[in-house]
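K.L.:
Pasting in a structure now, in structure tokens, and then I'll have a few things to ask.
Chains as they are written, first to last, in UniProt numbering: chain P, 1 to 361; chain G, 1 to 361.
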């Protein structure tokens, strides 16, 4: 048997596999349609998209994957298959913080797959309005937007909004050193957002120990300045390089290769438990120190761990401080319910912003 | 049997289908690895990506598709599956005309799937250099870039380049009416690229019969002007709206809903016949009228139809006119070979820029 014969044989095998895969995907699409019909019969306003079920499916796929295809890549393919099946029943519009091409759009497509329509919005309040009005089914917003400058604090939106958090997306973010210069030795000043400078500190110490570091409001602003100033460089992302016609002097200079940024999915829907969930709480208290104590004790008592806490001075209502807390677990979990009952008595205001699956992809 | 029981049953069926699909995708990935091993044994420089085979597979998938999933969507899923299988063997870098978020990047991802790395370049010559040097395996370039202004004529690049065309991508392009105003009756002037104004003529006649139409170099330029001028509107795409903070007064105003723009894939590779191919020729002649005649006759004689012809005054070499001609068929087809032999005698210069599969997706 010659090599070229066996190449032909393998190709026939691939063709046969493709035929089977296609047949099974169509069976899956038909089954998804059947699910939708039953749901609609039960409740005309039923949600076809179930974040908890999608998360559970993707987790299973990653766990049982044997290769040779990588687990991440396999999960990504199933994200697309599920996205295409869902689109058959319900074409989805997802509002995101524009412009097109930002990390937020990439996050929306990573979470919902490419069979949805992503709609760029000019501000975070616009996204909330678009979802509240039903023009979009879901919105995707950055939690902390270090790379493009914080305009509105996303979490503050929940004070006045009826929307819930029904998912999170983690995106790996890369920083580049951008400049008009093509030689590192020419760089006297480095501009960037404070957080980005911090994320590249080791690299800067090693490669530009004598350059002045100047903090500006956003990485895009840094790139804009550097576009007009010789002898300077900006730390910013791919898009800024293009917008301001800068060269990439060095790529991926972040100290932590796993530099990720978190985005939230907001909707009019409460996600059911998926087995691996977190819950975001908003609490208001009169003072930070006492308030914090009153919150931490009941969580610890019920064995609930926190993954994030942030206190913010309130500019609304008659309380002084707001806490945003991410805890592990779902609002329907018994220990979470018990802790929430205590928190409700202890704090001036308690609002569960959402229970939702941990990011899978 | 209650509704909720049968919902459970359908979901179990979906889970079982997912399990089978996953197993088959891994078998497909293993087979693709086997193909790569054989290819590499035969020729260390072998091309793992075969445009003609991918096109043939996608065509078959569309033709045999029974639904309920749509044929386009099914082909898109297989594009991703093939993309992921290929990435196991060879991580691909695709250079495109930046910035990120343009139609050209969307075209690159549509053609190669999301398992490739897309690298933004600042100009079309940069893309050619990146592919010629081997830094990127392929490049994606617009042929006529009406929406963003023509800077370099892409086809002129082939005069001095050794790269071949090895694919084409068709993208549906939408036009929007963008303005600072929120009321159509306030619009006195409409700015856009000539081609975009022409593509929205019916809509403009019906909705803005008294507005002045002003031609500018690109739709992005139109949006920039309108960002500074009240009472005006631009016809441009999604991205321009975001960049210049304009509102969408009306969406998808193009007269032809199938308004498509064409992109070319360039590489260092000659694509083999896929069964449905076209060939792009570059010919140089001393004068248009006589030159055209000498070209058309042999094509007609050999039953070859043209899908596109463009004459351009040459700024290089010792000829006066260049013709770029797309013909149906592959350079290896017998009738094409015969016609090319005649053309070679008749014209000052004949260069086959590439034979490649017709766009499938």
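Backbone N, C-alpha and C fix where the C-beta goes; we use that ideal spot for every residue, glycine too.
As the structure is a prediction and not an experimental result, all values here were calculated from the model.
At 3 residues or longer, and completely inside the stretch 109–164 of chain G: list those beta strand (DSSP E) runs for me, N to C.
P.N.:
Counting whole runs of 3 or more residues, the stretch 109–164 of chain G contains the beta strand (DSSP E) stretches 117–121, 138–142.
K.L.:
Mind reading off the beta-carbon distance from residue 48(G) to residue 31(G)? Whole number of angstroms is fine, and I expect it under 8 Å.
P.N.:
So it is not a contact: roughly 13 Å between Cβ atoms.
K.L.:
Pull up the CB-CB distance for residue 34(P) and residue 85(P), whole angstroms please, since I reckon it's below 8 Å.
P.N.:
Not quite, the Cβ-Cβ distance comes to about 11 Å (not below 8 Å), so this is no contact.
K.L.:
Compare the beta carbon distance of residue 251(G) and residue 168(G) with 8 Å and say whether it is the shorter of the two.
P.N.:
Taking 8 Å as the Cβ cut-off, residue 251(G) and residue 168(G) do not qualify as a contacting pair.
K.L.:
Quick one: measure Cβ to Cβ for residue 61(P) and residue 6(G), integer angstroms, because I've assumed they're closer than 8 Å.
P.N.:
About 24 Å; that fails the 8 Å criterion.
K.L.:
On the premise that residue 95(G) lies in contact with residue 124(G), defined as a C-beta separation below 8 Å, what is that separation, rounded to the nearest angstrom?
P.N.:
Actually they do not touch by this definition, with Cβ atoms about 10 Å apart.
K.L.:
What residues in its chain sit with their C-beta under 6 Å from that of residue 197(P), if we drop five residues either side in the sequence?
P.N.:
Result list for residue 197(P): 213, in chain order.
K.L.:
Starting from the beta carbon of residue 26(G), find every residue of chain P whose beta carbon is closer than 8 Å, and list them in chain order.
P.N.:
Residues of chain P passing the Cβ test: 65, 66, 67, 68, 69, 74.
K.L.:
Give a yes or no on whether 8 Å exceeds the smallest Cβ distance from residue 40(G) to chain P.
P.N.:
Cβ-Cβ to chain P under 8 Å: no for residue 40(G).
K.L.:
I want to see whether chain G comes within less than 8 Å of residue 61(P), judged by CB atoms only; does it?
P.N.:
Output row for residue 61(P): interface = yes.
K.L.:
Out of curiosity, what's the CA-to-CA distance linking residue 70(G) and residue 202(P)?
P.N.:
Spanning the two alpha carbons is a distance of roughly 51 Å.
K.L.:
Report the rounded CA-to-CA distance for residue 172(P) versus residue 260(P), giving the unit in angstroms.
P.N.:
Each residue's Cα considered, the two are about 4 Å apart.
K.L.:
Buried or exposed: where does residue 337(P) fall if 16 or more other Cβ atoms within 10 Å of its Cβ makes it buried?
P.N.:
Looking at its Cβ environment, which holds fewer than 16 other Cβ atoms inside 10 Å, residue 337(P) is exposed.
K.L.:
Assign residue 69(P) to one of three DSSP states: helix, strand, or coil.
P.N.:
Coil at residue 69(P), not helix or strand.
K.L.:
Give the residues of chain P in contact with residue 120(G), contact being defined as C-beta atoms less than 8 Å apart.
P.N.:
Residues of chain P passing the Cβ test: 238, 241, 242.
K.L.:
Does any CB atom of chain P fall closer than 8 Å to the CB of residue 77(G)?
P.N.:
True, the Cβ-Cβ gap to chain P drops below 8 Å.
K.L.:
Between the alpha carbons of residue 272(P) and residue 176(P), how many angstroms are there, rounded?
P.N.:
The straight-line gap from Cα to Cα measures roughly 40 Å.
K.L.:
Output the boundary residues of the beta strand (DSSP E) element that contains residue 190(G).
P.N.:
Here the beta strand (DSSP E) through residue 190(G) covers 189–192.
K.L.:
Of the choices 247(P), 211(P), 120(P), 208(P), whose alpha-carbon is the least far from that of residue 224(P)?
P.N.:
The shortest Cα separation from residue 224(P) among 247(P), 211(P), 120(P), 208(P) belongs to 247(P).
K.L.:
Compute the minimum distance between the beta carbon of residue 232(G) and the heavy atoms of the ligand COA, and state whether it is under 7 Å.
P.N.:
Ligands are entirely absent from the displayed structure, and the ligand COA is therefore not among its contents.
K.L.:
In terms of residues, what are the limits of the beta strand (DSSP E) holding residue 51(P)?
P.N.:
Counting along the chain, residue 51(P) falls outside any beta strand (DSSP E), though it belongs to the alpha helix (DSSP H) covering 51–64.
K.L.:
Anything in chain P within Cβ reach of residue 127(G), meaning under 7 Å, just list it in chain order.
P.N.:
Ordered by position in chain P, no residue passes the 7 Å Cβ test against residue 127(G), which lies about 13 Å from the chain.
K.L.:
Looking at residue 267(G) and residue 362(G), is the spacing between their C-beta atoms short of 8 Å?
P.N.:
Residue 362(G) lies beyond the range of chain G shown here (1 to 361); nothing can be said about it.
K.L.:
Give the straight-line distance between the Cα atoms of residue 154(G) and residue 143(G), rounded to the nearest whole angstrom.
P.N.:
About 6 Å.
K.L.:
Which residue spans inside the stretch 163–246 of chain P form an unbroken beta strand (DSSP E) run of at least 3?
P.N.:
You should have 164–172, 176–179, 189–192, 212–215, 232–236.
K.L.:
Taking a Cβ distance cut-off of 8 Å, strictly less, list which residues of the stretch 79–93 of chain P are near chain G, in chain order.
P.N.:
Taking 8 Å as the Cβ-Cβ cut-off against chain G, the residues of the stretch 79–93 of chain P that qualify are 80, 81, 84, 85, 87, 88.
K.L.:
Identify, in the order they occur along the chain, each residue of the same chain with its Cβ nearer than 8 Å to the Cβ of residue 304(G), setting aside the five sequence neighbours on each side.
P.N.:
Result list for residue 304(G): 327, 328, 329, 335, 336, 339, in chain order.
K.L.:
Exposed or buried, what is residue 242(P) when buried is set at 16 or more other beta-carbons lying within 10 Å of its beta-carbon?
P.N.:
By the 10 Å Cβ count, residue 242(P) comes out buried.
K.L.:
Using only the alpha-carbon positions, how far apart do residue 147(G) and residue 238(G) sit?
P.N.:
In this prediction, residue 147(G) scores a pLDDT of 44, lower than 50, which makes its location untrustworthy; no coordinate-derived value is stated.
K.L.:
Please return the same chain residues whose Cβ sits closer than 8 Å to the Cβ of residue 295(G), not counting the five positions on each side in sequence.
P.N.:
These residues qualify, in order along the chain: 283, 285, 323, 325, 343, 346, 347.
K.L.:
Here's the rule I'm using: 16 or more other beta-carbon atoms within 10 Å means buried, otherwise exposed. How should residue 210(P) be labelled?
P.N.:
Flag for residue 210(P) reads exposed.
K.L.:
Thinking residue 307(G) and residue 331(G) are a contact (beta carbons under 8 Å), I'd like their distance in whole angstroms, please.
P.N.:
With 8 Å as the limit, residue 307(G) and residue 331(G) do not qualify as a contact, their Cβ atoms being about 15 Å apart.
K.L.:
Can you list, in chain order, the residues of the stretch 43–54 of chain G whose Cβ is nearer than 7 Å to any Cβ on chain P?
P.N.:
Answer in chain order: no residues at all.
K.L.:
Under 8 Å, do residue 361(P) and residue 75(P) count as touching if we go by C-beta distance?
P.N.:
Yes, Cβ-Cβ distance for residue 361(P) and residue 75(P) is below 8 Å.
K.L.:
Under the rule that 16 or more other beta-carbon atoms within 10 Å means buried, what is residue 14(P), buried or exposed?
P.N.:
So residue 14(P) ends up on the buried side.
K.L.:
How would you write the range of the beta strand (DSSP E) that residue 360(P) sits in, first residue to last?
P.N.:
That residue, residue 360(P), is in no beta strand (DSSP E); it is neither H nor E in DSSP.
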